[in-house]
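Asks: Below you'll find the structure I mean.
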Amino acid sequence: MRFKEAGDTPRRFRAGMVFLFVLTLGLMCMTWRELSTYAEPRFPLMRAGDLNKTNQRVKTQTATNVTKESEAAPVSRPGTIRSVTGTSNETKATNGCSWPKQSEQHCSFNETEVLNMRQHILKFFNPETNLTITKSNLHIGQLLKYEFRVRNKSNLFKVTKDFFKLIPNGSPLKERHFSTCAVVGNSGILRNSSCGQEIDSMDFVMRCNLPQIEGYEKDVGSKANFTTMNPSVVSHNFGQWRNKTKDDYDRLLRRLKQVGDQILYVPALTIAFGEEYVRVITQVVLQHKLPMKTAFPPAGLNNLIKKIWTNPGLKISGLRPSTGVHMYTLAATICDQIHLYGFYPFTKDKRGRALRYHYYGTMEKQIDKEAHNMQEEFRVFQQLHRRGAVVLHSETCN
Ligand code: CDP
Numbered sequence: 000m001r002f003k004e005a006g007d008t009p010r011r012f013r014a015g016m017v018f019l020f021v022l023t024l025g026l027m028c029m030t031w032r033e034l035s036t037y038a039e040p041r042f043p044l045m046r047a048g049d050l051n052k053t054n055q056r057v058k059t060q061t062a063t064n065v066t067k068e069s070e071a072a073p074v075s076r077p078g079t080i081r082s083v084t085g086t087s088n089e090t091k092a093t094n095g096c097s098w099p100k101q102s103e104q105h106c107s108f109n110e111t112e113v114l115n116m117r118q119h120i121l122k123f124f125n126p127e128t129n130l131t132i133t134k135s136n137l138h139i140g141q142l143l144k145y146e147f148r149v150r151n152k153s154n155l156f157k158v159t160k161d162f163f164k165l166i167p168n169g170s171p172l173k174e175r176h177f178s179t180c181a182v183v184g185n186s187g188i189l190r191n192s193s194c195g196q197e198i199d200s201m202d203f204v205m206r207c208n209l210p211q212i213e214g215y216e217k218d219v220g221s222k223a224n225f226t227t228m229n230p231s232v233v234s235h236n237f238g239q240w241r242n243k244t245k246d247d248y249d250r251l252l253r254r255l256k257q258v259g260d261q262i263l264y265v266p267a268l269t270i271a272f273g274e275e276y277v278r279v280i281t282q283v284v285l286q287h288k289l290p291m292k293t294a295f296p297p298a299g300l301n302n303l304i305k306k307i308w309t310n311p312g313l314k315i316s317g318l319r320p321s322t323g324v325h326m327y328t329l330a331a332t333i334c335d336q337i338h339l340y341g342f343y344p345f346t347k348d349k350r351g352r353a354l355r356y357h358y359y360g361t362m363e364k365q366i367d368k369e370a371h372n373m374q375e376e377f378r379v380f381q382q383l384h385r386r387g388a389v390v391l392h393s394e395t396c397n
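Residue 41 in numbering that gives the first Met the number 0 sits at position 42 of the sequence shown, and the numbers go up by one each step.
Right, dumping it as structure tokens:
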């Protein structure tokens, strides 16, 4: 048996103090990292050879599925995908662009980052099964649960005969893949941006909430391959529907006609107060035999998308992801180069000039912090921009 030596206690005490010091330092570092709110998103880096595997998985080989839109698109497009083949250095994530900057037209995409995001999102979201409910698993009279309840409202949505008619048999984006896509948000930053021509030059253009285009073509373009429409848009943009005038009805009809034979995406099952507006949309589309392809996302999509964005470093949590985030999520699975326009949830531009909430209309709506956390989302898009996964446009285009 060994007896304690005289020098043991101070030595142990010193060792204990050093241990405590190191532990405290470690904890402080971790806390600091957590508090540096927008740490870079951490995704597993892909090797260059993984490109084909990922593309096969989503059946998105560009060469075999080139779309009519891309054939028609003008050739001059901003941004190029930087090669990731070659030396190991090139496969490392590098910045696409600094932000803010003057000339976003010259930003380049980093293929590795684009693929990392696609791969990450595909773990949660499948554009073939999560884009829309389909006829095969529904019947007339069925009661579907809304994703979010509203007090004093039924949380069940009834599948009527008319609604059933508009439900597709499969995803309208099945096996589609695009080289360049524009996701157009509705921020007032688009006013006087002169981005219309650039937006229209993209292979696939996505727009949010049936926005007004007429009169704003120079700034926002006119092409729309995919248009979302929250049911509440009926009352927000086309008059108080219960007291609707003929003029309100005609404006809605005219705007829906502009969708043409492209995709109209209606989140009918999100919140339990839009049923009457869904009926209005259904009725107008059927009555006027509008040729659009309709899609109705399944309830539960918000939670699914939230999971993607609660990845450490992405940190959009708590609230409902905005329409813009939904659209980026979809675009990341089907587009190689994603350009975001009209994503700028601030009341002033970089030069301090006042901005409207939406580029169109007269609505003086303020940023709805109860529903979405657009400013947090914006910071995530800034990170993705820096890494070359998207180009976030916030300057004028010429
Ligand atoms: O349905 P939601 O309220 O999300 O969208 P919206 O107001 O119709 O705008 C469409 C999208 O544009 C938003 O989801 C945001 O991503 C973006 N937006 C923005 O970044 N800043 C604004 N001032 C307005 C919209």
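Backbone N, C-alpha and C define an ideal beta-carbon position, used for all residues, glycine too.
Because the structure is a prediction, the values reported are computed rather than measured.
Does the region 213-225 come within contact of the region 256-266, defined as at least 3 CB pairs closer than 8 angstroms?
Replies: Touching, yes, given that three or more Cβ pairs across the two stretches are closer than 8 angstroms.
Asks: Going by the C-beta, is residue 207 closer than 7 angstroms to any heavy atom of ligand 1?
Replies: Your numbering for residue 207 matches position 208 in the sequence shown. Answer for residue 207: yes, Cβ within range of ligand 1.
Asks: On the DSSP bridge list, what partners appear for residue 19?
Replies: Translated into the one-based positions of the sequence shown, residue 19 becomes position 20. Paired residue(s): none; residue 19 is not in a bridge.
Asks: Name the one or two DSSP bridge partners that residue 264 has.
Replies: Looking up residue 264 in the sequence shown gives position 265. Residue 264 pairs with 227, 294.
Asks: Is residue 159 helix, strand or coil by DSSP?
Replies: The residue given as residue 159 occupies position 160 in the sequence shown. In this structure, residue 159 counts as coil in the three-state DSSP scheme.
Asks: Tell me, which residues are paired with residue 116 by DSSP?
Replies: Position 117 of the sequence shown holds residue 116. Residue 116 pairs with nothing; no bridge assigned.
Asks: Is the CB-CB distance between residue 318 and residue 182 below 8 angstroms?
Replies: The residue given as residue 318 occupies position 319 in the sequence shown. The residue given as residue 182 occupies position 183 in the sequence shown. No; because the gap between Cβ atoms is not below 8 angstroms, this pair is not in contact.
Asks: From this set, 331, 343, 346, 393, which residue's C-alpha is nearest residue 203's C-alpha?
Replies: Reading the sequence shown from its first residue, position 204 is the one you call residue 203. Ranking the options by Cα distance to residue 203, first place goes to 331.
Asks: Return yes when the Cβ of residue 346 is within less than 8 angstroms of the Cβ of residue 192, no when it is not.
Replies: For the purposes of this step, residue 192 is taken as the residue at position 193 of the sequence shown. For the purposes of this step, residue 346 is taken as the residue at position 347 of the sequence shown. No, they are not a contact pair.
Asks: Quick one: any contact between the region 138-151 and the region 289-298, if contact means 3 or more CB pairs under 8 angstroms?
Replies: Counting Cβ pairs under 8 angstroms, three or more are found: they touch.
Asks: Enumerate in chain order the residues of its own chain whose CB-to-CB distance from residue 187 is below 8 angstroms, with the five nearest sequence positions on each side excluded.
Replies: Walking along the sequence shown from the start, residue 187 turns up at place 188. 343, 354, 355, 356, 357, 358, listed in sequence order.
Asks: To which residues of the same chain is residue 150 closer than 6 angstroms at the C-beta, ignoring the five residues directly before and after it?
Replies: The count along the sequence shown starts at 1 and reaches residue 150 at position 151. Answer for residue 150: no residue qualifies.
Asks: Applying the criterion that 16 or more other CB atoms from any shown protein chain within 10 Å of the CB defines a buried residue, is residue 15 buried or exposed?
Replies: Position 16 of the sequence shown holds residue 15. Label assigned to residue 15: exposed.
Asks: Given 7 angstroms as the limit, tell me if residue 377 has its C-beta closer than that to any heavy atom belonging to ligand 1.
Replies: Taking the first residue of the sequence shown as position 1, residue 377 is located at position 378. Yes, ligand 1 has a heavy atom inside 7 angstroms of this Cβ.
Asks: Report the three-state DSSP secondary structure of residue 385 (helix, strand or coil).
Replies: The count along the sequence shown starts at 1 and reaches residue 385 at position 386. In this structure, residue 385 counts as helix in the three-state DSSP scheme.
Asks: Taking 7 angstroms as the cut-off, is the CB of residue 138 close to at least one heavy atom of ligand 1?
Replies: Position 139 of the sequence shown holds residue 138. Not under cutoff, so the answer is no.
Asks: Using a Cβ-Cβ cut-off of 6 angstroms (strictly less than) and excluding sequence neighbours within five positions of residue 220, which residues of its own chain qualify?
Replies: Residue numbering aside, residue 220 sits at position 221 when the sequence shown is read from its first letter. Excluding positions up to five away in sequence, the list reads 195, 198, 199.
Asks: Quick check: residue 341 and residue 376, are their CB atoms within less than 8 angstroms of each other?
Replies: By 1-based counting over the sequence shown, the position of residue 341 is 342. By 1-based counting over the sequence shown, the position of residue 376 is 377. It is not a contact, given that the beta carbons lie outside the stated cut-off.
Asks: Thinking C-alpha only, which one of 281, 184, 291, 230 is nearest residue 273?
Replies: Residue numbering aside, residue 273 sits at position 274 when the sequence shown is read from its first letter. The shortest Cα separation from residue 273 among 281, 184, 291, 230 belongs to 230.
Asks: Can you grab the Cα-Cα spacing for the pair residue 384 / residue 212, in whole Å?
Replies: On the sequence shown, residue 384 is found 385 positions in, with the first residue counted as 1. On the sequence shown, residue 212 is found 213 positions in, with the first residue counted as 1. Cα to Cα, the separation comes out at about 26 angstroms.
Asks: With a Cβ-Cβ cutoff of 8 angstroms, do residue 137 and residue 163 count as a contact?
Replies: Looking up residue 137 in the sequence shown gives position 138. Looking up residue 163 in the sequence shown gives position 164. Yes. Within cutoff.
Asks: Using the C-alpha atoms, what's the distance from residue 301 back to residue 113?
Replies: Taking the first residue of the sequence shown as position 1, residue 113 is located at position 114. Taking the first residue of the sequence shown as position 1, residue 301 is located at position 302. Cα to Cα, residue 113 sits roughly 22 angstroms from residue 301.
Asks: Using CA coordinates, which residue listed in 388, 185, 128 is at the minimum distance from residue 215?
Replies: By one-based count along the sequence shown, residue 215 stands at place 216. For residue 215, the nearest C-alpha among the options comes from 185.
Asks: Could you say which of 167, 392, 348 lies nearest to residue 135 if we only look at CA atoms?
Replies: Within the sequence shown, the letter at position 136 stands for residue 135. When each option's Cα is compared against that of residue 135, the closest is 167.
Asks: Taking the DSSP output, what are the residues bridged to residue 418?
Replies: Outside the shown range of the chain (0 to 397) lies residue 418, about which nothing can therefore be said.
Asks: Can you tell me the Cα-Cα spacing of residue 109 and residue 334, whole angstroms?
Replies: Translated into positions along the sequence shown, residue 109 becomes position 110. Translated into positions along the sequence shown, residue 334 becomes position 335. Looking at the two C-alpha atoms, the distance is approximately 13 angstroms.
Asks: For residue 12, which residues in the same chain have their Cβ closer than 7 angstroms to its Cβ, ignoring the five residues on either side in sequence?
Replies: As a first step, residue 12 is located in the sequence shown; it is residue number 13 there, counting from the start. No residues qualify anywhere along the chain.
Asks: Which residue's Cα is closest to the Cα of residue 310: 337, 360, 269, 116?
Replies: Counting from 1 along the sequence shown, the entry for residue 310 is found at position 311. Among 337, 360, 269, 116, the Cα nearest to that of residue 310 is on 116.
Asks: If we count the other Cβ atoms within 10 Å of its Cβ and call it buried at 16 or more, is residue 21 buried or exposed?
Replies: Translated into the one-based positions of the sequence shown, residue 21 becomes position 22. Its Cβ having fewer than 16 others within 10 Å, residue 21 is exposed.
Asks: I need the boundaries of the alpha helix (DSSP H) containing residue 278, first residue and last residue.
Replies: Numbered from its first residue, the sequence shown carries residue 278 at position 279. Looking at the DSSP string, the run of the alpha helix (DSSP H) that includes residue 278 is 274-286.
Asks: Short of 8 angstroms in beta carbon distance, which residues of its chain neighbour residue 147, apart from the five on each side in sequence? Order them along the chain.
Replies: Sequence index remark: in the sequence shown, residue 147 carries index 148 (1-based). The answer, listed in chain order, is 269, 270, 271, 301, 319.
Asks: Between which two residues does the beta strand (DSSP E) holding residue 143 run?
Replies: As a first step, residue 143 must be located in the sequence shown, where it is residue number 144. First-last of the beta strand (DSSP E) with residue 143: 142-144.
Asks: Sorry if obvious, but does the Cβ on residue 186 come closer than 7 angstroms to a heavy atom of ligand 1?
Replies: Along the sequence shown, one-based indexing puts residue 186 at 187. Within the cutoff, so yes.
Asks: What whole-angstrom Cβ distance do residue 165 and residue 244 have, given they're in contact under 8 angstroms?
Replies: Your numbering for residue 165 matches position 166 in the sequence shown. Your numbering for residue 244 matches position 245 in the sequence shown. Their Cβ separation, rounded to whole angstroms, is 25 angstroms, which puts residue 165 and residue 244 out of contact at 8 angstroms.
Asks: With DSSP as the reference, label residue 109 as helix, strand or coil.
Replies: One-based indexing of the sequence shown puts residue 109 at position 110. If DSSP states are grouped into helix, strand and coil, residue 109 belongs with the strands.
Asks: With H, G and I counted as helix, E and B as strand and the rest as coil, what does DSSP make of residue 355?
Replies: Walking along the sequence shown from the start, residue 355 turns up at place 356. Coil, per DSSP.
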